[in-house]
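The block underneath contains the structure these notes are about, expressed in structure tokens.
Protein chains in written order, with the working numbering: chain A, 643 to 754; chain B, 74 to 187.
Now the structure itself:
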């Protein structure tokens, strides 16, 4: 079956660094994604990992270990606008197509 | 260019009525996805289209749910005899093709069944 776990809530202060963890179990793994979703808005793409290692993109980095079924999203130099829900999603390749299987999301609150 | 659009943005309906939700994907995107986001839950995959065909309908929660796509573009998700548990935000996403990893999401339709 498919299962994705991430913490429900996290808090941090402006300028700090926060790491959001995600563990997954899935068949047909074909990549792991992080999306950001502000309240009432559509999810927006942040990062994609299909090979083990760290992908860095500005203030955001994402790490993947396929053997451990583990990923994290690292946010540096936190800003108030980073307060949002962060969704971990696994791409599952089936015979007929592909789809994203999402975790329930981690709500990050950044305070001054 | 224009992003993914969905209509209506909000829909309130009475239990037992049918509703139709519309998605206009990004022009040229052949892959289209429907997801549902219920309060406190993650995004739930419903159905995927490649062109006009839906190879996998197993994500649809019940036979009251159906979807179609015409002309390789617009898609409609129909829910018949709506129930209160159908209340959720229905999100549509599109990607260039089934191999393209980035999915672009629309703003969603918030469905409330009273």
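Just so it is clear, CB atoms sit at the ideal spot from N, CA and C, and this is done for glycine as well.
Need the endpoints of the beta strand (DSSP E) that residue i sits in, please.
i: residue 665 (chain A); result: 660-667
i: residue 176 (chain B); result: No beta strand (DSSP E) contains residue 176 (chain B), which DSSP labels as neither H nor E.
i: residue 717 (chain A); result: 712-717
i: residue 202 (chain B); result: In the structure as shown, chain B begins at 74 and stops at 187. Residue 202 (chain B) is therefore absent and cannot be evaluated.
i: residue 645 (chain A); result: 645-647
i: residue 128 (chain B); result: 126-129
i: residue 708 (chain A); result: Unbroken run through residue 708 (chain A): none, as it is neither H nor E.
i: residue 751 (chain A); result: 748-753
On a Cα-Cα basis, can you pick out the residue from the options that is closest to residue i?
i: residue 662 (chain A); options: A:728, A:683 and A:752; result: A:728
i: residue 171 (chain B); options: B:119, B:102, B:181 and B:97; result: B:102
i: residue 692 (chain A); options: A:700, A:678, A:750 and A:709; result: A:709
i: residue 100 (chain B); options: B:183, B:177, B:185 and B:186; result: B:177
i: residue 712 (chain A); options: A:681, A:700 and A:696; result: A:696
i: residue 670 (chain A); options: A:743, A:683, A:752 and A:654; result: A:743
i: residue 650 (chain A); options: A:726, A:747, A:753 and A:754; result: A:747
i: residue 732 (chain A); options: A:721, A:745, A:726 and A:720; result: A:745
i: residue 735 (chain A); options: B:167, B:163, B:161 and B:174; result: B:174
i: residue 672 (chain A); options: A:707, A:678 and A:647; result: A:707
i: residue 154 (chain B); options: B:135, B:161 and B:109; result: B:135
i: residue 656 (chain A); options: A:664, A:750 and A:722; result: A:722
How would you list, in chain order, the residues of chain B whose beta-carbon sits under 9 angstroms from the beta-carbon of residue i?
i: residue 742 (chain A); result: 106, 108, 116, 118, 166 and 176
i: residue 708 (chain A); result: Residues of chain B passing the Cβ test: none, with the nearest at roughly 16 angstroms.
Give the residues of chain B in contact with residue i, contact being defined as C-beta atoms less than 8 angstroms apart.
i: residue 685 (chain A); result: 116, 164 and 178
i: residue 690 (chain A); result: 174 and 175
i: residue 747 (chain A); result: 115
i: residue 673 (chain A); result: 174
i: residue 729 (chain A); result: 115 and 116
i: residue 701 (chain A); result: Correct list: empty, because the minimum Cβ distance to chain B is about 19 angstroms.
Helix, strand or coil for residue i per DSSP?
i: residue 83 (chain B); result: strand
i: residue 699 (chain A); result: strand
i: residue 652 (chain A); result: strand
i: residue 738 (chain A); result: Reliability of the predicted coordinates at residue 738 (chain A) is poor, the pLDDT of 48 falling under 50, and the value obtained from them is presented with this limitation in mind. Coil, per DSSP.
i: residue 724 (chain A); result: helix
i: residue 673 (chain A); result: strand
i: residue 685 (chain A); result: coil
i: residue 120 (chain B); result: strand
i: residue 731 (chain A); result: strand
i: residue 114 (chain B); result: coil
i: residue 133 (chain B); result: coil
i: residue 678 (chain A); result: strand
In chain A, which residues lie with their C-beta within 9 angstroms of the C-beta of residue i?
i: residue 144 (chain B); result: Per Cβ cutoff of 9 angstroms: no residues; residue 144 (chain B) is ~19 angstroms from chain A at best.
Which bits of chain A does residue i rub up against, with CB to CB less than 7 angstroms?
i: residue 101 (chain B); result: The contacting residues do not exist; residue 101 (chain B) stays about 18 angstroms from chain A at best.
i: residue 124 (chain B); result: Under the 7 angstroms cutoff, chain A gives no residues; its nearest Cβ is about 11 angstroms from residue 124 (chain B).
Residues of chain A with CB under 8 angstroms from residue i, in chain order?
i: residue 181 (chain B); result: 684
- Query: Taking only runs of the alpha helix (DSSP H) that begin and end inside the stretch 148-175 of chain B, which ones reach a length of at least 4 residues, in chain order?
  - Reply: Correct list: empty.
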